[in-house]
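J.: Numbering (our numbering), first residue to last: 422 to 801.
Note that beta-carbon positions come from the ideal geometry of N, C-alpha and C, so glycine has one too.
Note that this is a predicted model, so its numbers are computed, not measured.
If you scroll down you'll find the structure; I have some questions about it.
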């Protein structure tokens with residue numbers, strides 16, 4: 422105690438620090454990975470947790486708690502706590518794609534049950550399927566800090582909401598947040614407002630830190646997908662009504678910083694909300710899309726499919742890397758071939774999609790009119 426370790430200096434393009442491999446080999450990029458750490462973690466995990474390979478780290482029932490589930494034995498609970506702690510270290514460093522299930526499992530370490538153990542196994546099975554995904558960061562020159570802040574309303578067993586956020590300076594997200602809110606809220610609008618307030622201190626700190634380092638910050642944008650909360654954040658009490666008057670005044674701290682131009686609030690469509698996967702267990706193409714944005718993965722499809730187990734336990738064929746969001750699946754091709762000659766341009770064109778929507782709307786309208794006429798005739 423009280424002794425100082427000798428100072429060591431490492432120079433070069435590749436470094437190993439606290440289990441992280443840091444690579445500066447590509448100009449304008451820095452890549453982080455912890456594949457050796459993941460390998461050791463999977464080696465420590467019991468075999469019963471690694472029976473299958475999962476395509477996503479969490480199933481749709483992640484937040485559901487079975488009160489009748491059997492509690493884990495003391496030995497099993499200790500293993501559970503140990504593995505969750507190691508996953509927490511991993512997701513905070515290089516694997517933000519597992520941050521949501523880890524955030525939930527952290528709330529269960531005091532009294533875990535068999536269901537929680539299975540959810541831990543699902544997360545480990547996902548890591549077993551994707552052990553080597555790196556986090557690649559790139560900074561743009563426009564000086565804009567982008568934040569995506571989202572909230573899932575009343576998803577926890579005590580009806581508290583869940584906040585998710587991520588930040589990017591160009592490509593890839595170095596800051597990722599997924600946490601249970603400390604208070605209960607009465608609506609999704611209020612949950613979104615509380616979520617932004619929880620993250621706002623970090624939003625302001627990051628701007629001040631970068632400016633202190635000599636960088637010029639042109640804007641600090643916070644993206645949200647709830648228009649009601651955006652109006653409250655921009656206008657404060659002017660947009661407050663009967664359902665929001667009870668919100669404590671400290672939440673209009675957001676409005677004050679917007680007026681002082683320390684941050685700006687902009688709307689983002691729900692399907693483009695990057696932090697959506699930090700608040701709810703997304704599946705399939707949507708999960709891969711957000712994972713690709715957060716971790717800056719290449720969008721080129723892999724050379725071949727990989728067999729893995731999906732949320733329903735059925736073995737499905739999935740790609741090893743992130744796929745383009747507009748790529749057609751094999752089922753789409755089969756449906757198109759059954760109806761008419763398949764054409765990628767035709768299937769992806771907005772005009773053909775609009776026509777199909779109009780045709781469906783016309784059919785529904787005719788059906789409603791027919792049903793109404795039958796009801797009138799029966800009354801007569």
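How many angstroms separate the CA atom of residue 648 from the CA atom of residue 585?
T.: Locating residue 648 in the chain shown gives position 227, where the first residue counts as 1. Locating residue 585 in the chain shown gives position 164, where the first residue counts as 1. Those two C-alpha atoms are separated by around 17 angstroms.
J.: Sort 653, 560, 447 and 620 by Cα distance to residue 688 and report the nearest one.
T.: Your numbering for residue 688 matches position 267 in the chain shown. Comparing Cα positions, the closest option is 653.
J.: Reducing DSSP to helix, strand and coil, say where residue 687 ends up.
T.: Within the chain shown, residue 687 is the residue found at index 266, counting from 1. Residue 687: strand per DSSP, three-state reduction.
J.: The alpha helix (DSSP H) that contains residue 629, what's its start and end?
T.: Within the chain shown, numbered from 1, the residue matching residue 629 stands at position 208. From DSSP, the alpha helix (DSSP H) with residue 629 extends over 609-633.
J.: For residue 790, which three-state DSSP category applies?
T.: Position 369 of the chain shown, counting from 1, holds the residue named residue 790. In the structure shown, residue 790 sits in a helix (DSSP, three-state: H, G or I).
J.: Under 8 angstroms by Cβ, that's how I've got residue 372 and residue 455 pegged, so tell me the actual separation to the nearest angstrom.
T.: The question about residue 372 has no answer, for the chain in this structure spans 422 to 801.
J.: Residue 571 to residue 704, Cα distance in whole Å?
T.: Taking the first residue of the chain shown as 1, we reach residue 571 at position 150. Taking the first residue of the chain shown as 1, we reach residue 704 at position 283. Looking at the two C-alpha atoms, the distance is approximately 17 angstroms.
J.: If you compare alpha carbons, which of 484, 492, 562 and 540 is closest to residue 573?
T.: What you label residue 573 is simply residue 152 of the chain shown in a count that begins at 1. Measuring from the Cα of residue 573, the nearest candidate turns out to be 484.
J.: Are the Cβ atoms of residue 466 and residue 504 separated by less than 8 angstroms?
T.: The count along the chain shown starts at 1 and reaches residue 466 at position 45. The count along the chain shown starts at 1 and reaches residue 504 at position 83. Yes, the pair counts as a contact, with Cβ atoms nearer than the cut-off.
J.: Take the Cβ of residue 482 as the centre, count every other Cβ of all protein chains shown within 10 Å, and call the residue buried at 16 or more, exposed below.
T.: Reading the chain shown from its first residue, position 61 is the one you call residue 482. So residue 482 counts as exposed.
J.: Nearest CA to the CA of residue 557: which residue from 439, 444 and 674?
T.: In the chain shown, counting from the first residue as 1, residue 557 sits at position 136. Of the candidates 439, 444 and 674, the one whose C-alpha sits nearest the C-alpha of residue 557 is 444.
J.: Would residue 435 be called buried (16 or more neighbouring beta carbons within 10 Å of its own) or exposed?
T.: Residue mapping note: residue 435 aligns to position 14 of the chain shown, counting from 1. Exposed is the call here.
J.: Just the C-alpha distance for residue 865 and residue 643, rounded to the nearest angstrom, thanks.
T.: Since the first residue shown for the chain is 422 and the last is 801, residue 865 is missing from the structure and cannot be characterised.
J.: Please name the residue, chosen from 515, 616 and 487, that lies closest to residue 535 on a Cα-to-Cα basis.
T.: Stepping through the chain shown from its first residue, residue 535 is reached at position 114. Measuring from the Cα of residue 535, the nearest candidate turns out to be 487.
J.: Using 8 angstroms as the threshold, is the C-beta distance between residue 811 and residue 473 below it?
T.: Outside the displayed span of the chain (422 to 801) sits residue 811, for which this structure offers no information.
J.: Let me make sure I understand the geometry here. Which of 582, 613, 614 and 611 has the alpha-carbon closest to that of residue 603?
T.: Translated into positions along the chain shown, residue 603 becomes position 182. Out of 582, 613, 614 and 611, 582 has the C-alpha closest to the C-alpha of residue 603.
J.: Can the beta-carbon of residue 712 be found less than 8 angstroms from the beta-carbon of residue 518?
T.: What you label residue 712 is simply residue 291 of the chain shown in a count that begins at 1. What you label residue 518 is simply residue 97 of the chain shown in a count that begins at 1. In contact: residue 712 and residue 518 (Cβ atoms closer than 8 angstroms).
J.: Return the first residue and the last residue of the beta strand (DSSP E) that residue 588 is part of.
T.: For the purposes of this step, residue 588 is taken as the residue at position 167 of the chain shown. That run of the beta strand (DSSP E) goes 583-589.
J.: So, are the CB atoms of residue 615 and residue 606 less than 8 angstroms apart?
T.: In the chain shown, counting from the first residue as 1, residue 615 sits at position 194. In the chain shown, counting from the first residue as 1, residue 606 sits at position 185. Against a cut-off of 8 angstroms, the Cβ pair of residue 606 and residue 615 comes out as a contact.
J.: First and last residue of the beta strand (DSSP E) that includes residue 597?
T.: Residue mapping note: residue 597 aligns to position 176 of the chain shown, counting from 1. Where residue 597 is concerned, the enclosing beta strand (DSSP E) stretches over 596-601.
J.: From the DSSP output, which residues share a beta bridge with residue 645?
T.: The residue given as residue 645 occupies position 224 in the chain shown. Paired residues: 688.
J.: What three-state label does DSSP hand residue 716 in the structure shown?
T.: If you number the chain shown from 1, residue 716 lands on position 295. Correct three-state label for residue 716: helix.
J.: Assign residue 523 to one of three DSSP states: helix, strand, or coil.
T.: Sequence index remark: in the chain shown, residue 523 carries index 102 (1-based). Residue 523: helix per DSSP, three-state reduction.
J.: Just how far apart, CA to CA, sit residue 620 and residue 447?
T.: Along the chain shown, one-based indexing puts residue 620 at 199. Along the chain shown, one-based indexing puts residue 447 at 26. Rounded to the nearest angstrom, the two C-alpha atoms are 32 angstroms apart.
J.: Per DSSP, what kind of secondary structure is residue 559 in: helix, strand or coil?
T.: Counted from its first residue, the chain shown places residue 559 at position 138. Strand at residue 559.
J.: How far does the beta strand (DSSP E) with residue 566 in it reach, from first residue to last?
T.: Taking the chain shown and counting its residues from 1, one reaches residue 566 at position 145. Unbroken beta strand (DSSP E) run through residue 566: 565-573.
J.: What residue range does the beta strand (DSSP E) around residue 451 cover?
T.: The residue you call residue 451 lines up with position 30 of the chain shown. 451-454 is the span of the beta strand (DSSP E), which, as asked, contains residue 451.
J.: Tell me whether the beta-carbon of residue 541 lies closer than 8 angstroms to the beta-carbon of residue 698.
T.: Along the chain shown, read from residue 1 onward, the residue named residue 541 stands at position 120. Along the chain shown, read from residue 1 onward, the residue named residue 698 stands at position 277. Not closer than 8 angstroms, so no.
J.: Return the residue from the list 706, 424 and 641 that minimises the CA-CA distance to residue 565.
T.: On the chain shown, position 144 is the one that residue 565 refers to. Checking every option, the nearest Cα to that of residue 565 belongs to 641.
J.: List the whole-angstrom C-beta distance separating residue 475 from residue 543, where the pair is believed to meet the contact cut-off of C-beta under 8 angstroms.
T.: As a working note, residue 475 is residue 54 in the chain shown. As a working note, residue 543 is residue 122 in the chain shown. Indeed, because the Cβ distance is near 5 angstroms, the residues count as touching under 8 angstroms.
J.: Please classify residue 472: does DSSP put it in a helix, a strand, or coil?
T.: On the chain shown, residue 472 is found 51 positions in, with the first residue counted as 1. Residue state, collapsed to three classes: coil.
J.: Applying the criterion that 16 or more other CB atoms from any shown protein chain within 10 Å of the CB defines a buried residue, is residue 568 buried or exposed?
T.: Here residue 568 refers to the residue found at position 147 when the chain shown is read from its first residue. Buried: at least 16 other Cβ atoms inside 10 Å.
J.: Starting from residue 500, trace the alpha helix (DSSP H) in both directions and tell me its first and last residue.
T.: Counting from one through the chain shown, the residue named residue 500 turns up at place 79. Note, residue 500: alpha helix (DSSP H), 495-514.
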